[in-house]
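Colleague: Quick one: this structure, given as structure tokens, is what I'll be asking you about.
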Amino acid sequence: MLYPQMSESRTVVSLDGIWNFKLDNGSGFDEKWPEKKLTDARPMPVPCSYNDVAQDPQIRDHIGWVFYQRDFYITNQMLMSRLMLRFGSVTHTARIYLNGKLLCEHKGGFLPFEVRLNGFARAGSNLLTVAVDNRVDYTTLPVGRLVTETYPKIGEVTSDYPNFDFYNYAGIMRPVQIYATPHDYIEDISIQPSLDGEIHYQIRCSGEGKMLVFAQDADGRIVAWGDDEKLKIDSPILWEPSNPYLYTLTVTFGDDIYRQTFGIRTVEVQNGKFLLNGKPFYFKGFGKHEDSPVHGRGFDNAFNVNDVNLLKWIGANSFRTSHYPYSEEMMMLCDRTGIVVIDEVPAVGLHTGFTATGLLGGTPNGTWAQMQTAEHHQEVIRQMIDRDKNHPCVVMWSMANEPASEEEGAAEYFQPLVELAHDCDLQHRPVTIVQYGGATPQTSKVSDFIDVLCLNRYYGWYTQEARLDLAQVMLEDELEHWTEKYPDKPIIFTEYGADTISGMHDVIPTLFSEEYQEKMLEMYHQVFDHFPTVCGEQVWNFADFATAENIRRVQGNKKGIFTRERKPKKAAFSLKERWENIPDFDYKK
Ligand code: GCB
Numbered sequence: 003m004l005y006p007q008m009s010e011s012r013t014v015v016s017l018d019g020i021w022n023f024k025l026d027n028g029s030g031f032d033e034k035w036p037e038k039k040l041t042d043a044r045p046m047p048v049p050c051s052y053n054d055v056a057q058d059p060q061i062r063d064h065i066g067w068v069f070y071q072r073d074f075y076i077t078n079q080m081l082m083s084r085l086m087l088r089f090g091s092v093t094h095t096a097r098i099y100l101n102g103k104l105l106c107e108h109k110g111g112f113l114p115f116e117v118r119l120n121g122f123a124r125a126g127s128n129l130l131t132v133a134v135d136n137r138v139d140y141t142t143l144p145v146g147r148l149v150t151e152t153y154p155k156i157g158e159v160t161s162d163y164p165n166f167d168f169y170n171y172a173g174i175m176r177p178v179q180i181y182a183t184p185h186d187y188i189e190d191i192s193i194q195p196s197l198d199g200e201i202h203y204q205i206r207c208s209g210e211g212k213m214l215v216f217a218q219d220a221d222g223r224i225v226a227w228g229d230d231e232k233l234k235i236d237s238p239i240l241w242e243p244s245n246p247y248l249y250t251l252t253v254t255f256g257d258d259i260y261r262q263t264f265g266i267r268t269v270e271v272q273n274g275k276f277l278l279n280g281k282p283f284y285f286k287g288f289g290k291h292e293d294s295p296v297h298g299r300g301f302d303n304a305f306n307v308n309d310v311n312l313l314k315w316i317g318a319n320s321f322r323t324s325h326y327p328y329s330e331e332m333m334m335l336c337d338r339t340g341i342v343v344i345d346e347v348p349a350v351g352l353h354t355g356f357t358a359t360g361l362l363g364g365t366p367n368g369t370w371a372q373m374q375t376a377e378h379h380q381e382v383i384r385q386m387i388d389r390d391k392n393h394p395c396v397v398m399w400s401m402a403n404e405p406a407s408e409e410e411g412a413a414e415y416f417q418p419l420v421e422l423a424h425d426c427d428l429q430h431r432p433v434t435i436v437q438y439g440g441a442t443p444q445t446s447k448v449s450d451f452i453d454v455l456c457l458n459r460y461y462g463w464y465t466q467e468a469r470l471d472l473a474q475v476m477l478e479d480e481l482e483h484w485t486e487k488y489p490d491k492p493i494i495f496t497e498y499g500a501d502t503i504s505g506m507h508d509v510i511p512t513l514f515s516e517e518y519q520e521k522m523l524e525m526y527h528q529v530f531d532h533f534p535t536v537c538g539e540q541v542w543n544f545a546d547f548a549t550a551e552n553i554r555r556v557q558g559n560k561k562g563i564f565t566r567e568r569k570p571k572k573a574a575f576s577l578k579e580r581w582e583n584i585p586d587f588d589y590k591k
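One gets the working numbering by counting positions in the sequence shown from 1 and adding 2 to each.
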């Protein structure tokens, strides 16, 4: 799906701003709220999560539908174009109404969707209503547990327990735009670069028109003309983290013009190495979240730019979009700044035997017979790859975070999904499944068919807590088994870390102190350095983040190397020292 952009043939209008907002009272649909102006509505920023701006527990902890509404004007001239309404993301389920009519429903809170306005919008004023449902259960991704329990004197109480360790922020989280294109238009562009400068592409157009394709360098000079499927750039400049060089593929079709940026780089897995442009790459960085005070998970350019600058400051070169695809604007920023991304679908919580709030090591109890997510899982894989396929920053697709990959049925569930991801991606990026401590070399049922082993490990925290000596031997022992069984698969540690309260210090490093976090990371790094196929380290987490309330969390998850406000903890400085001395390439020959 193309990102909306202005060109000689295209117009984009933002609908961001302060909308009207109201919680459903249980009969919003029956009372036909989308047909008229919401009464007693309160102001709500878009994009933003609705949870933290209202200072009202009823809003913060609401379960179910809410309504957003605004009006906007359309000119006669706009109606003559193909007119689309596009949402960057609405979490988790959305129903879109225009002037009281249902235009579409979309499931999945982290990917864009759009709907055609022609035939529904009118010249003049239009009333747009967006109903949003935040419920998660065994049919949604991420997964939650929606239960109704009976309490004395109160009666039935419904709770929605997220099976994931981040606050279930909801609302219209990313930009809302109207865009206009000619009726004969460019629908989609997929680009496959190779290191010799030969660029293959597939361009899908709708209607009649003559197509013209050319590539421009970063200074706008035309460097190659193309035919219907390829062009050749002489002496290409490659995209690398230290030199994120971007070209533009300009496509004209009839009257329509679209400019798609791309980078020339390849990714490949070979002999236990992760190769970027044919050279062994070492991942240094974090698992992150889209999470910030006030905005919740709402899109925020300032936080994104600040986070990327902090990644650069600390010497990182990568992150994983744990545990859902991040905004398109963030992906474009990573293309531009050379941050390498492992792109993850929102498949977190696919385990009935352990909760993601830290209780590791649950007992297998038939996850794959109970989950009803397979079809939706395919949808989000297709949509994520469709959205992100042209980003040079994306080097790998993650199909899930910590599923029950050790249980019977995991291979049957995941193998088709891994194949689907390979089939959807013209660039044939590697595919992984991020696995938790309960999935070992002996028990994992998915490791044979993924390209890279991505491991989340908490020795020294959830197990062997405060015993780094024991944690170290456990980690070494496990790595010996993985490398023995899979000598040719690269291993990336996609999570390891310790909750750390900023400002808590101790001479003897005790749990939760800044010193313990630092010591624990040092121990892991010593071990990683001994294993040649460990080709990456992504600390959990970049910054402290909000979670559901629970006795294992002190106002959120505190495993950040930065606080939620992005102030460094002690370990930030030792990580900086380590990472500034690890080159992007050839750290392990
Ligand atoms: C994990 C999960 C992550 C949690 C983390 C923790 O394994 O993947 O979502 O936040 O552990 O801190 O417990």
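Idealized CB from N, CA, C, for every residue including glycine.
The structure presented is a predicted model; accordingly, all values stated were derived computationally and were not measured.
Look at the Cβ atom of Pro432, then the Cβ atom of Val396, and state whether they are nearer than 7 Å.
Modeller: Result no, Cβ atoms of Pro432 and Val396 do not sit closer than 7 Å.
Colleague: Determine, using beta-carbon pairs with one atom in the segment 399-414 and one in the segment 370-381, whether at least three such pairs fall under 8 Å.
Modeller: The segment 399-414 is in contact with the segment 370-381.
Colleague: Skipping 5 residues on each side, what residues in its chain have a beta carbon closer than 8 Å to that of Val269?
Modeller: Contacts found: Phe276, Leu277, Leu278, Val397, Met398, Gln429, Arg431, Pro432.
Colleague: Select from His527, Pro184, Lys590, Val307 the residue whose C-alpha is nearest the C-alpha of Gly256.
Modeller: It is Pro184 whose Cα lies nearest to the Cα of Gly256.
Colleague: Quickly, what does DSSP pair Phe216 with across the bridge? List them, please.
Modeller: DSSP, once it has assigned bridges, lists Trp227, Thr252 as partnering Phe216.
Colleague: Name the two residues that bound the continuous beta strand (DSSP E) containing Ile20.
Modeller: From DSSP, the beta strand (DSSP E) with Ile20 extends over 19-25.
Colleague: Verify whether the separation of the beta carbon atoms of Asp162 and Arg137 is less than 7 Å.
Modeller: Closer than 7 Å, so yes.
Colleague: Once you ignore the five residues that flank Ile452 on each side, which residues in its own chain have a CB closer than 7 Å to its CB?
Modeller: Here the set comprises Val420, Val433, Thr434, Ile435.
Colleague: Less than 7 Å between C-beta atoms, sequence neighbours within five positions excluded: which residues of the same chain meet that for Met206?
Modeller: It should be noted that the sequence gives Arg, not Met, for residue 206. So the list reads Glu189, Asp190, once near-sequence residues are dropped.
Colleague: Could you tell me which residues DSSP pairs with Trp484 in its beta bridges?
Modeller: Bridge partners of Trp484: none, in fact.
Colleague: Any idea if Glu377 is buried or exposed, counting beta-carbon neighbours within 10 angstroms, 16 or more meaning buried?
Modeller: Looking at its Cβ environment, which holds fewer than 16 other Cβ atoms inside 10 Å, Glu377 is exposed.
Colleague: Hey, Arg152 and Pro36 are a contact pair by Cβ (cut 8 Å); roughly how many whole angstroms apart?
Modeller: It should be noted that the sequence gives Thr, not Arg, for residue 152. Not confirmed; about 34 Å, so no contact.
Colleague: To the nearest angstrom, how far is the alpha carbon of Phe288 from that of Tyr249?
Modeller: When rounded, the distance between both Cα atoms is 28 Å.
Colleague: For Arg176, does the count of other Cβ atoms within 10 angstroms reach 16, so buried, or fall short, so exposed?
Modeller: Its Cβ being crowded by 16 or more others within 10 Å, Arg176 is buried.
Colleague: Just verifying my parser: in three-state terms, what is the DSSP assignment at Met8?
Modeller: Note: Met8 maps to coil in three-state DSSP.
Colleague: For Asn22 and Asp42, what's the separation of their Cα atoms in angstroms?
Modeller: Rounded to the nearest angstrom, the two C-alpha atoms are 9 Å apart.
Colleague: Where do the N-terminal and C-terminal ends of the beta strand (DSSP E) with Cys207 fall, by residue?
Modeller: 200-208 is the span of the beta strand (DSSP E), which, as asked, contains Cys207.
Colleague: Could you name each continuous alpha helix (DSSP H) segment of 4 residues or more that falls completely within the segment 466-537, going from the start of the chain to the end?
Modeller: If we require 4 residues or more, the alpha helix (DSSP H) runs fully inside the segment 466-537 come out as 470-487, 516-532.
Colleague: Just to confirm the assignment: which complete alpha helix (DSSP H) runs, minimum length 4, are found wholly within the segment 373-412?
Modeller: Listed in chain order, they are 376-390.
Colleague: Compute every distance between the C-beta of Asn594 and the non-hydrogen atoms of ligand 1, then say whether any falls below 6 Å.
Modeller: Outside the shown range of the chain, which is 3 to 591, sits residue 594, and nothing can be said about it.
Colleague: Buried or exposed: Ala96, going by 16 or more other Cβ atoms within 10 Å of its Cβ?
Modeller: Counting Cβ neighbours within 10 Å, Ala96 comes out buried, since at least 16 surround it.
Colleague: Cβ-heavy atom distance between Lys275 and ligand 1 below 6 Å?
Modeller: Checking the Cβ of Lys275 against ligand 1 gives no.
Colleague: What I want to know is whether the C-beta of Asp167 ends up closer than 6 Å to one or more non-hydrogen atoms of ligand 1.
Modeller: Yes, since a heavy atom of ligand 1 falls inside the 6 Å radius drawn around the Cβ of Asp167.
Colleague: Considering only DSSP beta bridges, list what Gln272 is partnered with.
Modeller: In the DSSP output, where bridge partners are listed per residue, Gln272 has Lys275.
Colleague: Three or more beta-carbon pairs under 8 Å between the segment 474-484 and the segment 524-536, yes or no?
Modeller: The segment 474-484 is in contact with the segment 524-536.
Colleague: Measure the Cβ-Cβ separation of Asp586 and Asn319 and say whether it is below 7 Å.
Modeller: Yes.
Colleague: Which of helix, strand or coil does DSSP assign to His64?
Modeller: Of the three classes helix, strand and coil, the one that applies to His64 here is coil, per DSSP.
Colleague: When we look at the beta-carbon of Trp315 and count the other beta-carbons within 10 Å, is it buried (16 or more) or exposed?
Modeller: Exposed, since its Cβ has fewer than 16 Cβ neighbours within 10 Å.
Colleague: Pop quiz: Trp241 and Arg267 are said to be a contact at Cβ under 8 Å. What is the actual Cβ separation, rounded to whole angstroms?
Modeller: Yes, they are in contact, since the Cβ atoms of Trp241 and Arg267 sit about 4 Å apart, within 8 Å.
Colleague: Where are the beta strand (DSSP E) runs, 3 residues long or more, that stay fully inside the segment 64-145, in chain order?
Modeller: Fully enclosed beta strand (DSSP E) runs of 3 or longer: 67-76, 84-89, 95-100, 103-109, 115-118, 126-135.
Colleague: Below 8 Å, how does it come out for the segment 63-70 and the segment 102-116: are there three or more Cβ pairs, yes or no?
Modeller: No: the two stretches stay apart, fewer than three of their Cβ pairs being nearer than 8 Å.
Colleague: To the nearest angstrom, report how far apart His202 and Lys234 are at their CA atoms.
Modeller: Taking the straight line joining both Cα atoms gives about 9 Å.
Colleague: Ignoring anything shorter than 4 residues, give me the alpha helix (DSSP H) runs that lie fully in the segment 142-200, in order along the chain.
Modeller: The qualifying runs do not exist here; there are none.
Colleague: From the DSSP output, in three-state form, read off Gly363 for me.
Modeller: Since pLDDT at Gly363 reaches only 49, below the 50 mark, its modelled position is unreliable, and the value read off the structure follows with that caveat. In the structure shown, Gly363 sits in coil (DSSP, three-state: anything other than H, G, I, E or B).
Colleague: Roughly how many angstroms separate the alpha carbons of Thr357 and Gly146, rounded to a whole number?
Modeller: Looking at the two C-alpha atoms, the distance is approximately 10 Å.
Colleague: Between Phe547 and Asn559, which are expected to be in contact by the criterion C-beta below 8 Å, what is the C-beta distance as a whole number of angstroms?
Modeller: Indeed they touch by this definition, with Cβ atoms about 5 Å apart.
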